[in-house]
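One structure is given below, encoded as C-alpha cells.
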Amino acid sequence: MNKRRNRRGFHGAQAFTLIELFVVVAIIMILASLLLSALVNSKEEANKISCMNNLKQLGAAHVMYSDDNRTYMPLCIDSFDGLTEASATNSWVLGEVRYFSRTNDIRNGTLFPYARNTGIYKCPNDSSKIPSAPIGRNRSYTLDQYLSFVGAAVPNPLRRYTQILTNSAVFVFIDEDSGSIEDGNFGLDYAPAGSWVDLPTSRHSQGATLSFADGHVEKFKWRWPKVFVTMSQPAANDQDLLDLQRLQRALPNLP
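Note that my numbering has the sequence shown beginning at 21, numbered continuously upward.
In C-alpha cells:
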C-alpha cells in the first residue's frame, strides 16, 4: 500500500514550467556574473599590489646603488639614431623596449646587480608586444629624466641621491604607457607646459604606480584615461591637464 502511494505521488508531481526554468537560469547567470566580477576585481587588485611591489624593489635598488657609489644615482644615457631613442651602455637599463625584448638589456644595466629578478621590471598588467614578433615586452617602468639623465633634453639633471632626499614628493620610477615607452627615461616638462612628453599608463583601473625618493610607492588615480596618440601629445582636456600638473608637481627642484 505504501509503495502504491509513493508511486502515485511521484507520478502526480508537477514538472517545472517554462517560466520557472527561465527564472532559475536567470538566477544562475546573475550569480555567475557576480562571481566573475569578483574574480576580475580580485585579479586586478593582486596585479596592482604586484606592480607596486616591483616598483618598491626597483626603488630600493636605486638607493642601494647610490649608497655604493658615493650617493651618485644610476645614469640613463640617451642614444638617438634619428628614428628611435634608446639607453646606451652604462645606463640603469639598456636598449629600446618598443622594438626589442632582450633580457640582456636588463641584465647589462647598472641597476641589475641590485635588482636581479628580471620579472620586477615589468607590470603584470602590461600585455603589449613588440611589432616584429608575437612576444611580450620585458619592461614597463622608466626613470624620472631629471635624475641622472645624460642627453640634450636635460642639460643639468640631479646627479646625487642626497639632492632629492629632502623632498619625499619626487617620483623616481613610473609605470609608462606601452605606446610611448622606448628608452629607460620618462620625459616630462615642468609647468606651465601643457603637453605630455612621455605618457604614464592608466592600465590599473585608470591609474599608474610610481615609486618616490623616500622609498614609498603610490598609485596615482587619473582623472582622465591615458590614451597614447603621439609623442609629446597635448593634454586631451582640462581633466587630463590636471593629471599632468599633478605629475609635474612630483618633479625635483633643479639647481
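All C-beta atoms in this analysis are idealised placements derived from N, C-alpha and C, irrespective of residue type, glycine included.
Simplified DSSP assignment, three categories, for N26:
Its pLDDT being 48, under 50, N26 is placed unreliably in this model, and the value from its coordinates should be taken loosely. Helix, per DSSP.
Under 8 angstroms between C-beta atoms of P220 and E196
yes
Could you give the C-beta distance for A233 and L185, rounded to a whole number, given that I count them as a contact under 8 angstroms?
7 angstroms
Quick check: the Cα distance between R24 and V43, rounded to an integer number of angstroms?
Summary for R24: the model assigns pLDDT 45, below 50, so the residue's position carries little reliability, and this model does not support an answer.
Helix, strand or coil, according to DSSP, for D260 in the structure here?
helix
Between which residues of its own chain and F248 is the CB-CB distance below 7 angstroms, once the five residues before and five after are set aside?
D197, G199, S200, L219
Can the beta-carbon of M93 be found closer than 8 angstroms to that of R179?
yes
Rounded separation between S152 and E238 - CA only
34 angstroms
Going straight from the alpha carbon of D125 to that of A228, what length do you get?
24 angstroms
Where does A81 fall in DSSP's three states?
helix
Spatially closest choice to L271 from T182, I97, L167, P144, by CA coordinates:
L167
K149, buried or exposed, once every other Cβ within 10 Å from all chains shown has been counted against 16:
exposed
Between A81 and S160, what straight-line distance do the alpha-carbon atoms span, to the nearest angstrom?
16 angstroms
Kindly identify the DSSP beta-bridge partner or partners of T162.
I194
If you run the structure through DSSP and keep just helix, strand and coil, what is F132?
helix
Note the first and the last residue of the continuous beta strand (DSSP E) segment covering D98.
96-100
Could you check whether G129 and V117 sit closer than 8 angstroms to each other, using their CB atoms as the reference points?
no
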